[in-house]
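So the mapping is simple: my numbering equals the position in the sequence shown, first residue as 1, plus 7.
From the three backbone atoms N, C-alpha and C, an ideal C-beta is built for every residue, glycine too.
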Amino acid sequence: MIIPLLLVTTLRIILGTILFFSGIAKLANFSAFVAAVVSYQMLPTAIVKPVSYLLVSAEITLGIALCIGYFSRGAGTLSSLLFLIFAVALANVLLQKLPISDCGCANFLFRFLDFLGLSVSTTPNWKMVFVDSVLAVGSLGIACSPRQGYGLESLIRQVRHYKV
8 MIIPLLLVTT LRIILGTILF FSGIAKLANF SAFVAAVVSY QMLPTAIVKP
58 VSYLLVSAEI TLGIALCIGY FSRGAGTLSS LLFLIFAVAL ANVLLQKLPI
108 SDCGCANFLF RFLDFLGLSV STTPNWKMVF VDSVLAVGSL GIACSPRQGY
158 GLESLIRQVR HYKV
């Protein structure tokens, strides 16, 4: 029983870290991120900036929720949806053959993989669609897991159990 709890906890923290640092990286260079969203040509110009704020806010909030283990099922569900949106957007770019050289998604994960010697391109490609799809499945796994691992939710549950 401890191993599945550790696996869920580890997966939750990895996904949360990816989302959190992705959001922070986009926030740090928000104008470049907005320009990247425009280049995807999927949204009317009038709503690009609000949607960009929403995406960055969602990444940071969901990242924190997953890392601390609070609202894990909901955060897992919403994270899965977010990763699927990213995968669809990238697939759209590739299918339409849009001339995008930077996906706007360079983040902590990319830098970490570069550090390990695994160079990752920020030019949209099918590998990125696959990775986003795998991250979506992992997030959905967290949402569907009967136990959410170690985190704030389990701590609150234990405190409530001992009070009764």
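Discussion item. I believe residue 31 touches residue 54 by the beta-carbon criterion, under 8 angstroms. Please report the beta-carbon distance rounded to the nearest angstrom.
Written reply: In fact, because the Cβ distance is near 23 angstroms, the residues do not count as touching under 8 angstroms.
Fill in: Pair within 8 angstroms by beta-carbon distance, residue 40 and residue 71
no
Item to complete: Measure the C-alpha to C-alpha separation of residue 128 and residue 168 and round it to an integer number of angstroms.
Response: 49 angstroms
Practice prompt. Report all residues from its chain with a CB closer than 6 angstroms to the CB of residue 130; omit the five preceding and five following residues, and keep chain order.
Written response: 108
Discussion item. Given this structure, state the Cα-to-Cα distance separating residue 62 from residue 88, to the nearest angstrom.
Written reply: 11 angstroms
Practice prompt. Please go through the stretch 130 to 154 and give each complete beta strand (DSSP E) segment of 3 or more residues, from N-terminal end onward.
Written response: none
Worksheet entry | Nearest neighbour of residue 138, chosen from 156, 159, 98, 17 [CA to CA] | 98
Worksheet item: Does DSSP put residue 57 in a helix, a strand or coil?
Response: helix
Worksheet entry | Neighbourhood of residue 77 by C-beta distance below 7 angstroms, restricted to the same chain and skipping five residues each side | 158, 159, 160
Fill in: Boundaries (first-last residue) of the alpha helix (DSSP H) holding residue 92
79 to 103
Worksheet item: Do residue 94 and residue 143 have their C-beta atoms closer together than 8 angstroms?
Response: yes
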